[in-house]
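The C-terminal position of the sequence shown is numbered 164 in our numbering, with every residue numbered one higher than the one before it.
To start, the structure itself, in structure tokens.
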Amino acid sequence: MKTFKLISIQLLQGENATVIPILDGLIINKEDDHHNWLIELYMDHPDYSFFENALNDGQKLLVHAVISKKENDPAPFEVIVHSISKFTDTISVLLQGSLKRNRKDYAEMLLDHLLESGYEGKALSERFKELMHSKQQLFLEKKPQ
């Protein structure tokens, strides 16, 4: 198994990406035959109900995780809520799932998205640099056409 620091994580629901505010987090590559990963989110109580509902429903979630350094490209995972542990003022949410491999890397996907959105010339260059720096992830899961 390999363990990494979780820097940030977003939940994707349709066209919306929501940053999940975490206090701390870990991500573990179990290196098993099923290519399973564990993601632990340590967070405040207010975000508890969403995860409790997802746990009870066995709902699959699509998340994008930035691992080790904020400069790294986000990695897409399909996960379920495996368990929730409650503490006095915080909770620990354990997600289990698999890495969804993309054929294109983040920069290629971002450039394609910006070109499809009509950016060109200097505006394209400036927007590309801005989004590469912020690692905005909304466009990573495109709608079926």
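For each residue, glycine too, the CB sits at the ideal point set by N, CA and C.
Computed from a predicted structure; not experimentally measured.
Bridge partners - residue 5, DSSP secondary structure assignment: Residue 5 is absent from the structure shown; the chain starts at 20 and stops at 164.
Inter-stretch contact (C-beta, 8 angstroms, three-pair minimum) for the region 58–78 and the region 108–119: In short, these stretches touch, since the Cβ pair count reaches three.
Alpha helix (DSSP H) segment containing residue 139, residue limits: Locating residue 139 in the sequence shown gives position 120, where the first residue counts as 1. Boundaries cannot be given for residue 139, as no alpha helix (DSSP H) includes it and DSSP labels it neither H nor E.
Local conformation of residue 164 per DSSP, three classes: Looking up residue 164 in the sequence shown gives position 145. Per-residue confidence for residue 164 stands at a pLDDT of 39, beneath the threshold of 50, marking its modelled position as unreliable; no derived number is given.
Pick from 39, 94 and 32 that is closest to residue 78, judged by C-alpha positions: Taking the first residue of the sequence shown as position 1, residue 78 is located at position 59. Taking the Cα of residue 78 as reference, the smallest distance to any Cα among 39, 94 and 32 is reached at 32.
Sheet register partners of residue 61 (DSSP bridge): Numbered from its first residue, the sequence shown carries residue 61 at position 42. DSSP, once it has assigned bridges, lists 43 and 111 as partnering residue 61.
Any 3 or more C-beta pairs closer than 8 angstroms across the region 61–74 and the region 87–95: Fewer than three beta-carbon pairs drawn from the region 61–74 and the region 87–95 are found closer than 8 angstroms, and the two stretches are therefore not classed as touching.
Beta-carbon proximity check, residue 54 vs residue 118, cutoff 9 angstroms: Translated into the one-based positions of the sequence shown, residue 54 becomes position 35. Translated into the one-based positions of the sequence shown, residue 118 becomes position 99. Taking 9 angstroms as the Cβ cut-off, residue 54 and residue 118 qualify as a contacting pair.
Those residues which DSSP pairs with residue 36 across a bridge: Counting from 1 along the sequence shown, the entry for residue 36 is found at position 17. 31.
Distance between beta carbons of residue 147 and residue 129, contact taken as under 8 angstroms: In the sequence shown, counting from the first residue as 1, residue 129 sits at position 110. In the sequence shown, counting from the first residue as 1, residue 147 sits at position 128. At roughly 7 angstroms, the Cβ-Cβ gap stays under 8 angstroms, so residue 129 and residue 147 are in contact.
Beta carbon of residue 100 nearer than 9 angstroms to that of residue 30: Here residue 100 corresponds to residue number 81 of the sequence shown, with the count starting at 1. Here residue 30 corresponds to residue number 11 of the sequence shown, with the count starting at 1. For the 9 angstroms CB-CB criterion, residue 100 and residue 30 do not form a contact.
Rounded straight-line distance, which links the Cα of residue 138 to that of residue 98: On the sequence shown, position 79 is the one that residue 98 refers to. On the sequence shown, position 119 is the one that residue 138 refers to. Approximately 34 angstroms between the Cα atoms of the pair.
Bounding residues of the alpha helix (DSSP H) (the contiguous stretch that carries residue 131): Within the sequence shown, numbered from 1, the residue matching residue 131 stands at position 112. First-last of the alpha helix (DSSP H) with residue 131: 125–135.
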